[in-house]
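K.L.:
After the structure tokens below, expect a handful of questions from me.
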Amino acid sequence: MIRVDENFLSGGENCAAWLYLPDGPGPHPCIVFVHGIGAVRQVRVRAYAERFTGAGYAVFAFDYRHWGASEGAPRFVCDIRGQHADIHAAIDHVRGLSAIDSRRIVLFGTSFGGGHAVTVGAARPDLAAVIAQCAVIDGLAAAVKAPPLLALRWIFAGLVDQIRAALGGGSHYIKLAGEPGALALMTAPGAEAGYRAMIDGPSPWRNLIAARFILWIPFYRPIRHAARLTPRLLMVVTNKDEICPPRIMAKAARLAPKGEAVHFDCGHFDIYFGVFFDRATEAMLAFLAATPAAAETDA
1001 MIRVDENFLS GGENCAAWLY LPDGPGPHPC IVFVHGIGAV RQVRVRAYAE
1051 RFTGAGYAVF AFDYRHWGAS EGAPRFVCDI RGQHADIHAA IDHVRGLSAI
1101 DSRRIVLFGT SFGGGHAVTV GAARPDLAAV IAQCAVIDGL AAAVKAPPLL
1151 ALRWIFAGLV DQIRAALGGG SHYIKLAGEP GALALMTAPG AEAGYRAMID
1201 GPSPWRNLIA ARFILWIPFY RPIRHAARLT PRLLMVVTNK DEICPPRIMA
1251 KAARLAPKGE AVHFDCGHFD IYFGVFFDRA TEAMLAFLAA TPAAAETDA
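Quick note: the sequence shown, position 39, residue 1039 per our numbering, numbers continuous.
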């Protein structure tokens, strides 16, 4: 496996990316890796790249604008529509690479990126397949799980950040992940430790997110796009997920015309490590082995 530095433009700003290539001549099928909230390329991407390149797939991973090594100010802002634009731009960039088979591009999203994969995938008939793992597929269903006091603290922090942004002030940040009782976006037991365990070496990752994002979570419902998916869909469902309701993930697979699901009895962060990581990636590779190339399209 070799890693090549790549860059592409989205909204007139530069996005930093890595292209992992398998051994042997191309063009290669390619998996575009779409990460979760606040994650950057140094967060567990290499483990997936090693697994997928070992099976002959290239992997393209990038930092969203406002995060990591990509441009965009203010920093640590999760702009949902902007991230969708980044993903579209990444796919378009990959389609133009000589090392990549443009008819065998797969969009793989995990956590919040899983919702992005379904949403963007519904608009991309040029994709061969979409994989969504432990996916935030319905923001409303995820938001209502929050304890009432935490929800009130979220809303207050989000309003403060939104008002400061409207007045031209600096962002109001909260922790991305924290233990139960903390003012953080993710407060499930072990969330912060699980997130930190995924960081691979030196990284620009910081445990911060601009709080305005919280106000938009209930309105982000990728499940509404599942029925319009043209590519095949594999939902990797984490049955004991503390963040994303597993029944909603399974429902998305049923709604997709070519959808299927695999279930694992583990939590949200467990799927990234050990036996569950092994089994999940094996299931993905089996799914991809049975996936034909996409039809030629002008998308």
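The C-beta atom is built at its ideal place from N, Cα and C for all residues, glycine as well.
Everything numeric in this text was worked out from a predicted model, so none of it was measured.
Between which two residues does the alpha helix (DSSP H) harbouring Gln-1162 extend?
P.N.:
In the sequence shown, the residue the question calls residue 1162 occupies position 162. Element bounds for Gln-1162: 1148-1166.
K.L.:
Express the C-alpha separation of Arg-1228 and Leu-1234 in angstroms, rounding to a whole number.
P.N.:
Taking the sequence shown and counting its residues from 1, one reaches residue 1234 at position 234. Taking the sequence shown and counting its residues from 1, one reaches residue 1228 at position 228. Their Cα atoms are separated by approximately 14 Å.
K.L.:
Who are the Cβ neighbours of Ala-1293 in its own chain at under 7 Å, not counting the five residues just before and after it?
P.N.:
Sequence index remark: in the sequence shown, residue 1293 carries index 293 (1-based). Arg-1103, Arg-1104, Ala-1128.
K.L.:
Would you call Glu-1192 buried or exposed, if buried means 16 or more other Cβ atoms sit within 10 Å of its Cβ?
P.N.:
Numbered from its first residue, the sequence shown carries residue 1192 at position 192. Answer is buried; the Cβ neighbour count reaches 16.
K.L.:
Work out the CA separation of Ala-1089 and Asp-1278 for me, nearest whole Å.
P.N.:
Position 278 of the sequence shown, counting from 1, holds the residue named residue 1278. Position 89 of the sequence shown, counting from 1, holds the residue named residue 1089. So the alpha carbons of these two residues sit roughly 30 Å apart.
K.L.:
When you compare the segment 1012-1022 with the segment 1041-1060, are there three or more beta-carbon pairs, one atom per stretch, that lie closer than 8 Å?
P.N.:
With a cut-off of 8 Å, the segment 1041-1060 and the segment 1012-1022 count as touching, because enough Cβ pairs lie within range.
K.L.:
Expressed to the nearest angstrom, what Euclidean distance is found between the alpha-carbon atoms of Asp-1079 and Ala-1141?
P.N.:
Indexing the sequence shown from 1 puts residue 1079 at position 79. Indexing the sequence shown from 1 puts residue 1141 at position 141. Rounded to the nearest angstrom, the two C-alpha atoms are 20 Å apart.
K.L.:
Hey, out of Val-1118, Gly-1178, Arg-1003, Val-1136, whose CA is closest to Lys-1258's CA?
P.N.:
Residue numbering aside, residue 1258 sits at position 258 when the sequence shown is read from its first letter. The option with the nearest alpha carbon to Lys-1258 is Val-1118.
K.L.:
When burial is assigned at 16 or more other CB atoms within 10 Å of the CB, is Leu-1176 buried or exposed?
P.N.:
For the purposes of this step, residue 1176 is taken as the residue at position 176 of the sequence shown. Classification for Leu-1176: buried.
K.L.:
If you follow the beta strand (DSSP E) that Gln-1133 is part of, which residue opens it and which one closes it?
P.N.:
Taking the first residue of the sequence shown as 1, we reach residue 1133 at position 133. Per DSSP, Gln-1133 belongs to the beta strand (DSSP E) from 1129-1133.
K.L.:
Near Val-1106, what residues of its chain come up, given a Cβ to Cβ distance below 6 Å and the 5 sequence neighbours on each side ignored?
P.N.:
Taking the sequence shown and counting its residues from 1, one reaches residue 1106 at position 106. Hits under 6 Å: Ile-1031, Ala-1128, Ala-1129.
K.L.:
Start and end of the alpha helix (DSSP H) containing Met-1235?
P.N.:
The residue given as residue 1235 occupies position 235 in the sequence shown. Run containing Met-1235: none in the alpha helix (DSSP H); it sits in the beta strand (DSSP E), 1232-1238.
K.L.:
For the alpha helix (DSSP H) that Glu-1050 lies in, which residues bound it at each end?
P.N.:
Mapped onto the sequence shown, residue 1050 falls at position 50. Where Glu-1050 is concerned, the enclosing alpha helix (DSSP H) stretches over 1045-1053.
K.L.:
Measure from the alpha carbon of Phe-1219 to the alpha carbon of each residue in Leu-1183, Ile-1137, His-1035, Pro-1202, then state which is nearest.
P.N.:
Here the question's residue 1219 lines up with position 219 in the sequence shown. The candidate whose alpha carbon is nearest that of Phe-1219 is Ile-1137.
K.L.:
State the DSSP-derived secondary structure class of Ala-1261, mapped to helix, strand or coil.
P.N.:
On the sequence shown, position 261 is the one that residue 1261 refers to. Looking at Ala-1261 - three-state DSSP - the assignment turns out to be strand.
K.L.:
Just reading off the beta strand (DSSP E) that Phe-1108 is part of, what are its end residues?
P.N.:
As a working mapping, residue 1108 is identified with position 108 in the sequence shown. Unbroken beta strand (DSSP E) run through Phe-1108: 1100-1110.
K.L.:
Sort Arg-1164, Phe-1052, Phe-1033 by Cα distance to Pro-1074 and report the nearest one.
P.N.:
Along the sequence shown, read from residue 1 onward, the residue named residue 1074 stands at position 74. Looking at the Cα atoms, Arg-1164 is the closest of the given residues.
K.L.:
Which two residues bound the contiguous beta strand (DSSP E) that contains Arg-1003?
P.N.:
Working through the sequence shown from its first residue, we reach residue 1003 at position 3. That run of the beta strand (DSSP E) goes 1002-1010.
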